[in-house]
Amino acid sequence: MKSQSMVMLRRNFKHIARNPTSVFNAVLMPIVIMFMFVYMLGDAFNVGVHYVDYATPGLMLLAVCYGLGATATSVNSDMTKGIINRFKVMDVSRGAVLTGHVIASVLTNLLAIAALVGVAFLLGFSPSASFLDWLGVVGMVVLLGFAAGWLTVALGLAAKSPETAGLAAVPLVLLPFFSSAIVPAEKMGQGIRQFAEYQPFTPIIETLRGLLNGTPSAGQAIAAIAWCVGIALVGYLWARSTFTKRA
Amino acid sequence: MTSSAIAVSGLRKAFGDKTVLDGIDLEVPAGSVFSLLGPNGAGKTTTVNVLTTLMKADAGTARVAGHDVATEAKAVRAAIGVTGQFAAVDELLTGQENLQLMVDLNRSNSNIADLLERFDLTEAAQKSVSTYSGGMRRKLDLAMTLVGHPRIIFLDEPTTGLDPRSRRTMWSIIRDLVAGGVTIFLTTQYLDEADQLADRIAVLDQGRLVAEGTPDDLKRRMPGTHVRLRFTTAGELDAAARVLADATRDDEALTLRVPSDGGTKSVRALLDRLDEYSISAEEFSVHTPDLDDVFLALTGHTTEVVAK
Chain Y
1 MKSQSMVMLR
11 RNFKHIARNP
21 TSVFNAVLMP
31 IVIMFMFVYM
41 LGDAFNVGVH
51 YVDYATPGLM
61 LLAVCYGLGA
71 TATSVNSDMT
81 KGIINRFKVM
91 DVSRGAVLTG
101 HVIASVLTNL
111 LAIAALVGVA
121 FLLGFSPSAS
131 FLDWLGVVGM
141 VVLLGFAAGW
151 LTVALGLAAK
161 SPETAGLAAV
171 PLVLLPFFSS
181 AIVPAEKMGQ
191 GIRQFAEYQP
201 FTPIIETLRG
211 LLNGTPSAGQ
221 AIAAIAWCVG
231 IALVGYLWAR
241 STFTKRA
Chain A
1 MTSSAIAVSG
11 LRKAFGDKTV
21 LDGIDLEVPA
31 GSVFSLLGPN
41 GAGKTTTVNV
51 LTTLMKADAG
61 TARVAGHDVA
71 TEAKAVRAAI
81 GVTGQFAAVD
91 ELLTGQENLQ
101 LMVDLNRSNS
111 NIADLLERFD
121 LTEAAQKSVS
131 TYSGGMRRKL
141 DLAMTLVGHP
151 RIIFLDEPTT
161 GLDPRSRRTM
171 WSIIRDLVAG
181 GVTIFLTTQY
191 LDEADQLADR
201 IAVLDQGRLV
211 AEGTPDDLKR
221 RMPGTHVRLR
231 FTTAGELDAA
241 ARVLADATRD
251 DEALTLRVPS
261 DGGTKSVRAL
271 LDRLDEYSIS
281 AEEFSVHTPD
291 LDDVFLALTG
301 HTTEVVAK
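Have a look at this one:
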């Protein structure tokens, strides 16, 4: 018997397949940004290591964020066009409708990151991660994808229109620039530096960086996982209550 | 109460300090068509949202298919189908895939090919819904609603924004559904639509039912058909107003509104009378009552007031 979740997930896959521009945006933009920083600007930064090795973990996070705009827009168009109401009246479970969007979002993230890492290798990326470290990287990315996915689904449900839903995801795209993704936080100005040090993306990036260097840091990893679980929980609860209330 | 498909009493709903439903009572016998008539903002969609379990009322009770909408939502949902104000179809899928989605989610045995055929969508079945016209989307929406074999169907403004031909198609589809024994709860802002389809009509104004009855009952309470005459000068208007004592005048528009049944005999008598006094009107038209007239008659204000 086909479960409702599978039916919904298949619908989300068809959407992605038929709306390739959103996938291109999610996959190509991080690669373009990688070329920009590594080729054009990379020599200007002195980060102590080969710049592509420094930037790749941060760009992986950026790649997750770039996929979110499409998720927010598609959730919102389901909401504002009455499709979610139709599902609600049909007694399709809240879990099935929303989880379909989150899983599709995570899979888009993984696709974008695979492409990005592939290009990074072409640019001379040479991580010293062991197999276990790589598993850690994948786990971190999936966890981040789920957390950001739930928050984005909540944003999409709450927004008035698909346009505002797309805009609501913009801060998530900008946030990596104010972290240690592109340059180390200690090189930033007062104020921004403190923000960069304490915002959630920094421990996530440092965790990825540690894993890829083969020198994982337990402290950063715990902070990263705590942030992800927290964000996922807030996103999930917010999405759940908006789904129930909004008609 | 077994013969009532929908029974509502004392339904109230407010958004913040804005009261949208101010104590609604209504009863819809099974197998009939009930129409909720009202302008934008009267509370029609809110009523549908409450009855279809999408929204919780602040007070009052509503039973749909014998089940309480607040406490037995699951049982209500199993019995109803809803076609909302905006066609809730998936634009990135084809017509066929939209129906397949409904079949999979409902675990229904509906035959997709039959539904496509019935709604005249067979040819477009493999095309993406984003290429469909407004009328085709509404038809697909309704076909998707029928997949679950609902006994009670809520249609929220099913023809708003459709061209006249698509409206007629939609009407005939609705009549077929009724012939099949389905109960229909229809909201509309068109008097002619309610008149064409409904067994009973309730008029909703600012969250209150201001009138309820058969279409004929309501029409008896409305201003009759009238003739409108427009003149070129105020002098002519004065002269005509003296001759036609029962007319109401509008000095700004230079028009006279003369009660009339619209038949040839009475119209000829009216024109003869003007001719007798050598008065000629610039423009002549026969008006049948519309929603604005109904509202003016039933509430003392036009639909415009409500829209604000």
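So the sequences go chain by chain: Y and A. Residue 99 in our numbering sits at position 99 of the first sequence; the count goes up by one each step and never skips. Residue 66 in our numbering sits at position 66 of the second sequence; the count goes up by one each step and never skips. C-beta: ideal position from N, C-alpha, C; glycine also.
{"Check": "I think A79(A) touches A57(A), with their Cβ atoms under 8 Å apart; what is that distance to the nearest whole Å?", "Outcome": "19 Å between Cβ atoms; not a contact."}
{"Check": "Pick from M90(Y), L144(Y), V102(Y): whose alpha carbon is nearest that of N101(A)?", "Outcome": "Inspection of the sequence shows that residue 101(A) is occupied by Leu rather than by Asn. Comparing Cα positions, the closest option is M90(Y)."}
{"Check": "Output needed in chain order: residues of the region 84–97 of chain A with a Cβ under 9 Å from some Cβ in chain Y.", "Outcome": "G84, Q85, F86, A87, A88, V89, D90, E91, L92, L93, E97"}
{"Check": "Output the distance between the C-alpha atoms of L155(Y) and V28(A), rounded to the nearest integer angstrom.", "Outcome": "39 Å"}
{"Check": "Compare the Cα-Cα distances from L105(A) to each of L296(A), G180(A), K44(A), L146(A) and report the closest residue.", "Outcome": "L146(A)"}
{"Check": "By alpha-carbon positions, which one of N109(Y), S241(Y), R94(Y), S217(Y) ends up nearest to L143(Y)?", "Outcome": "N109(Y)"}
{"Check": "Considering only residues of the region 62–144 of chain A, which uninterrupted beta strand (DSSP E) runs meet the minimum length of 3 residues and lie entirely inside it, listed in chain order?", "Outcome": "80–83"}
{"Check": "Quick one: which unbroken beta strand (DSSP E) runs of 3-plus residues sit fully inside the region 186–225 of chain A? Chain order, please.", "Outcome": "200–205, 208–213"}
{"Check": "How many Å lie between W134(Y) and F178(Y) at the Cα?", "Outcome": "26 Å"}
{"Check": "Is there at least one non-hydrogen atom of the ligand GDP closer than 8 Å to the beta-carbon of S9(A)?", "Outcome": "The model depicted lacks the ligand GDP and carries no ligand whatsoever."}
{"Check": "Restricting to runs no shorter than 4 residues, where is the alpha helix (DSSP H) found entirely within the region 214–298 of chain A?", "Outcome": "215–220, 234–243, 264–276"}
{"Check": "Taking the continuous beta strand (DSSP E) assigned at E27(A), which residues delimit it?", "Outcome": "18–29"}
{"Check": "Is the region 156–164 of chain A touching the region 14–30 of chain A in the sense that three or more CB pairs, one from each, lie closer than 8 Å?", "Outcome": "no"}
{"Check": "At a CB-CB cut-off below 8 Å, which residues of chain Y make contact with T53(A)?", "Outcome": "K88, V89"}
{"Check": "I'd like to check one pair, G214(Y) with S126(Y): are the Cβ atoms closer than 9 Å?", "Outcome": "no"}
{"Check": "Secondary structure at G60(A), three-state DSSP: helix, strand or coil?", "Outcome": "strand"}
{"Check": "How about the region 201–216 of chain A and the region 236–253 of chain A: do they share at least three Cβ pairs that are nearer than 8 Å?", "Outcome": "no"}
{"Check": "Quick check: A7(A) and L37(A), are their CB atoms within less than 9 Å of each other?", "Outcome": "no"}
{"Check": "Under 8 Å by Cβ, that's how I've got T83(A) and L142(A) pegged, so tell me the actual separation to the nearest angstrom.", "Outcome": "5 Å"}
{"Check": "Provide the residue span of the beta strand (DSSP E) that contains R12(A), from first to last.", "Outcome": "4–15"}
{"Check": "So, V243(A) versus V286(A), is the Cβ gap smaller than 9 Å?", "Outcome": "no"}
{"Check": "Measuring alpha carbon to alpha carbon, tell me which of A63(Y), T73(Y), I33(Y), G219(Y) ends up nearest A26(Y).", "Outcome": "A63(Y)"}
{"Check": "Out of curiosity, what's the CA-to-CA distance linking K245(Y) and M79(Y)?", "Outcome": "12 Å"}
{"Check": "Three or more beta-carbon pairs under 8 Å between the region 69–86 of chain Y and the region 162–169 of chain Y, yes or no?", "Outcome": "yes"}
{"Check": "Which partner residues of V47(Y) appear in the DSSP bridge assignment?", "Outcome": "For V47(Y), which the question treats as bridged, DSSP gives no partner whatsoever."}
{"Check": "Does F87(Y) come out as helix, strand or coil in the three-state DSSP assignment?", "Outcome": "helix"}
{"Check": "Assuming the contact rule is C-beta atoms closer than 8 Å, T264(A) and A30(A) should be a hit. Round their C-beta distance to whole Å, please.", "Outcome": "Rounded, the Cβ-Cβ distance is 43 Å, inconsistent with contact."}
{"Check": "Within the chosen definition, does the region 112–127 of chain Y reach the region 186–201 of chain Y through at least 3 CB pairs nearer than 8 Å?", "Outcome": "no"}
{"Check": "According to the neighbour-count rule (16 or more other Cβ atoms, all chains shown, within 10 Å of its Cβ), is N40(A) buried or exposed?", "Outcome": "exposed"}
{"Check": "What does the alpha-carbon distance come out to for the pair G224(A) and I174(A)?", "Outcome": "28 Å"}
{"Check": "Looking only at its own chain, which residues have a Cβ that is under 8 Å from the Cβ of L9(Y), when we skip the five neighbours before and after it?", "Outcome": "T99, G100, I103, A104"}
{"Check": "May I have the straight-line CA-CA distance separating T187(A) from V210(A), to the nearest angstrom?", "Outcome": "15 Å"}
{"Check": "Is it the case that the region 200–212 of chain Y contacts the region 220–239 of chain Y, given that we only count it when at least three CB pairs across the two stretches are under 8 Å?", "Outcome": "yes"}
{"Check": "Roughly how many angstroms separate the alpha carbons of M249(Y) and Q194(Y), rounded to a whole number?", "Outcome": "With chain Y covering 1 to 247 only, the question about residue 249(Y) has no answer from this structure."}
{"Check": "Would you say V52(Y) and G124(Y) are within 9 Å of each other, going by their C-beta atoms?", "Outcome": "yes"}
{"Check": "Consult DSSP for D163(A) and reduce its assignment to one of helix, strand or coil.", "Outcome": "coil"}
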